[in-house]
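Participant: Going by the working numbering, the first residue of the sequence shown is number 2, and it counts up by one from there. Even for Gly, the Cβ is constructed at its ideal location relative to N, Cα and C. This structure is a prediction, so every number in the text was calculated from the model and none was measured.
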Amino acid sequence: MAGVKQAEELALLISLSLDLKHESLLLAISLLSNHLFN
Numbered sequence: 002m003a004g005v006k007q008a009e010e011l012a013l014l015i016s017l018s019l020d021l022k023h024e025s026l027l028l029a030i031s032l033l034s035n036h037l038f039n
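#1: Taking 7 angstroms as the limit between beta carbons, can you name the residues of its chain near valine 5, skipping five residues before and five after?
#2: Quick check: what's the CA-CA separation for histidine 36 versus serine 25?
#3: Quick one: residues in its chain with C-beta nearer than 6 angstroms to the C-beta of serine 16, no 5 flanking neighbours on either side, listed in chain order?
#4: Look up leucine 19 in the DSSP assignment and say whether it is helix, strand or coil.
#5: Counting only the same chain and skipping the five closest in sequence on each side, list residues whose C-beta sits under 6 angstroms from that of serine 31.
Okay, structure coming up:
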């Protein structure tokens with residue numbers, strides 16, 4: 002579960018660094034992390 006939390010935090014940092022202009026990227030990262038770590 003630690004990997005999922007790290008991936009979510011990374012996705013959040015990425016989204017913040019992009020000023021939330023690429024929400025689809027955040028969603029893609031979230032879905033990918035869920036697929037990889039579940």
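Facilitator: To lay it out plainly:
#1: Ser34 and Phe38
#2: 16 angstroms
#3: Leu27
#4: coil
#5: Ala12
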